[in-house]
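Chains as they are written, first to last, in our numbering: chain F, 2 to 253; chain L, 410 to 625.
Heads up: the structure comes next, in structure tokens.
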């Protein structure tokens, strides 16, 4: 199982890969050097810190500490999703609700079904996977909603003028936004194994687990992410659309 | 005849920019009223205030002797129906548009009523299944108008809906509006069209956000 070792020296050599990207960037005048540098530094620091934190959490194995770690993951995911909201009021509260519901419901079902055990070594990584996919789904849904309310303003106004409730005036936009939020998960579910060999499965195979077992896990992850992104997109979209109107049922 | 609208010192000045000021007006139920004036004078704003698509920043609008704000917006807007100058149609076909008023009211789509409405504005019954992308400007405007009229409103607010229509289509639309008014619908139309102004009972003129004298 432990035949996978990346030594610090090997990691240092991997910096060459970063330098290649950096060189291309400079040569082509793409202008992402600063972002790339920040990205690399943040990845190294964040992953190092989280590595130590995870080691500690797994070692002490306390329910409250596992819960705290999950809460931090969800909080960060909600903060990040809010950035995609582009001014939608209460976007943080909405994102937090959507991502929390998606993560907790999915984990609860997996634990009840016996697919995962409530131990930090399983709960924390799975929460991270769910919350990050939910975060991307919510962010995409927000962006789609902003664009649609902007582009279809006239149509929404006309529905309101005909006497539509806010839901009746917006339901077509809400549906489109949910579709957009879920699209990457559905696409990756369709192409898993033929285009991408996802991180979890690859990681397990890398670490020496029998590929058939790794695949069982990947199937579970695919199902889990489908559920999580649907729950998160639906909650976020239904909570977000009323924010586009004022109390007189007019478009802001 | 009772009054359907009473406007008391109505003004609209979002962010301090005055668009309408001190509008005092009474409109009788069943009236045919046209509003004209230079562009940018606030005509459409007045219509949108009556439609509750905008809220006055000062003054009060009474509808059937009740403050406009006291009535639920969807119920009010189904009675006081606003037609846009350049309407956009929904969905894919004409039927999607004519179904919408039924969907709003949780009622099954009455195809015969939709077909009769199409005939009333000189559109063929086969138009029902036509994709909206294949309609001309005049056809779109007429579909939008009957979308407002499938459930007869108490008030019809028309925002320059005949602008850009050919003479024949304009005539068909005017006749339909006139019939609706004669059956009791109050019609308030923003227009520059001479024949529409001539057909109306009252002409209001708005200049720079203020009401000029009205002419019977």
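A virtual CB, placed ideally from N, CA and C, is assigned to each residue, including glycine.
CA nearest to the CA of residue 66 (chain F), picked from F:94, F:120, F:111 and F:140 = F:120
Since residue 497 (chain L) meets chain F, which of its residues come closer than 7 Å, beta carbon to beta carbon?
-> 155, 156 and 159
How do the segment 557 to 570 of chain L and the segment 479 to 497 of chain L stand: do at least 3 beta-carbon pairs fall below 8 Å, yes or no?
-> yes
Residue burial classification, residue 441 (chain L) (beta-carbon count within 10 angstroms, cutoff 16) | buried
Assigned secondary structure, residue 567 (chain L) (DSSP; H/G/I helix, E/B strand, else coil) = strand
CB contact below 7 Å: residue 483 (chain L) versus chain F = yes
Tell me whether residue 14 (chain F) is buried or exposed, calling it buried when 16 or more other Cβ atoms sit within 10 Å of its Cβ.
-> exposed
Starting from the N-terminal side, write out each stretch of the beta strand (DSSP E) that is 3 residues or longer and does not extend beyond the segment 456 to 500 of chain L.
-> 467 to 472 and 489 to 492
In angstroms, rounded to a whole number, what distance separates the CA positions of residue 98 (chain F) and residue 236 (chain F)?
-> 8 Å
In three-state DSSP terms, what is residue 85 (chain F)?
-> coil
What are the partner residues of residue 502 (chain L), as DSSP defines its beta bridges?
-> L:540
Whose C-alpha, out of L:529, L:504, L:533 and L:617, is nearest the C-alpha of residue 587 (chain L)?
-> L:529
From the beta carbon of residue 146 (chain F), is the nearest beta carbon of chain L less than 7 Å away?
-> no
Over what stretch of residues does the alpha helix (DSSP H) that includes residue 161 (chain F) continue unbroken?
-> 154 to 162
Using a Cβ-Cβ cut-off of 7 Å, state whether residue 166 (chain F) counts as contacting chain L.
-> yes
Through-space distance from residue 201 (chain F) to residue 547 (chain L), alpha-carbon basis | 58 Å
When the distance is taken between beta carbons, is residue 143 (chain F) closer than 7 Å to residue 233 (chain F)?
-> no
For the beta strand (DSSP E) that residue 31 (chain F) lies in, which residues bound it at each end?
-> Looking at the DSSP string, residue 31 (chain F) is not in any beta strand (DSSP E), and its letter there is neither H nor E.
Where are the beta strand (DSSP E) runs, 3 residues long or more, that stay fully inside the segment 218 to 244 of chain F, in chain order?
-> none
Using the beta-carbon of each residue, which ones in chain L are nearer than 7 Å to residue 244 (chain F)?
-> Neighbours of residue 244 (chain F) on chain L: none; closest Cβ ~17 Å, over 7 Å.
Quick one: list the residues of chain L neighbouring residue 152 (chain F), beta-carbon separation under 7 Å, in chain order.
-> In chain order: nothing, as chain L lies at least about 11 Å away.
Contact between the segment 572 to 582 of chain L and the segment 414 to 423 of chain L: three or more CB pairs below 8 Å?
-> no
Just mark residue 10 (chain F) as buried or exposed, buried being the case when its beta carbon has 16 or more other beta carbons within 10 Å.
-> exposed
With 7 Å as the threshold, decide whether the Cβ of residue 162 (chain F) is near any Cβ in chain L.
-> yes
Report yes or no: do three or more beta-carbon pairs, one from the segment 68 to 83 of chain F and one from the segment 201 to 220 of chain F, lie closer than 8 Å?
-> no
Contact residues within the segment 505 to 531 of chain L, judged by C-beta distance below 9 Å to chain F | 509, 510, 512, 513 and 514
Run of the beta strand (DSSP E) containing residue 175 (chain F), from where it starts to where it stops | Counting along the chain, residue 175 (chain F) falls outside any beta strand (DSSP E), though it belongs to the alpha helix (DSSP H) covering 167 to 192.
Skipping 5 residues on each side, what residues in its chain have a beta carbon closer than 6 Å to that of residue 432 (chain L)?
-> 416, 419 and 620
Does the beta-carbon of residue 517 (chain L) have 16 or more other beta-carbons within 10 angstroms, so that it is buried, or is it exposed?
-> exposed
Mind checking the segment 443 to 473 of chain L against chain F and listing, in chain order, the residues whose C-beta falls within less than 8 Å of any C-beta there?
-> 460, 461, 462, 463 and 464
Taking the Cβ atom as the reference point for each residue, do residue 135 (chain F) and residue 174 (chain F) lie within a distance shorter than 7 Å?
-> no
With a Cβ-Cβ cutoff of 7 Å, do residue 186 (chain F) and residue 145 (chain F) count as a contact?
-> no
Say whether chain F places a C-beta atom closer than 7 Å to the C-beta of residue 551 (chain L).
-> no
Please classify residue 88 (chain F): is it buried, with 16 or more other beta-carbons within 10 angstroms of its beta-carbon, or exposed?
-> exposed
Are the segment 440 to 455 of chain L and the segment 520 to 529 of chain L touching by the rule of at least three beta carbon pairs closer than 8 Å?
-> no
Who are the neighbours of residue 587 (chain L) on chain F, taking C-beta pairs under 7 Å?
-> Within chain F, no residue comes near residue 587 (chain L); the closest Cβ sits about 22 Å away, beyond 7 Å.
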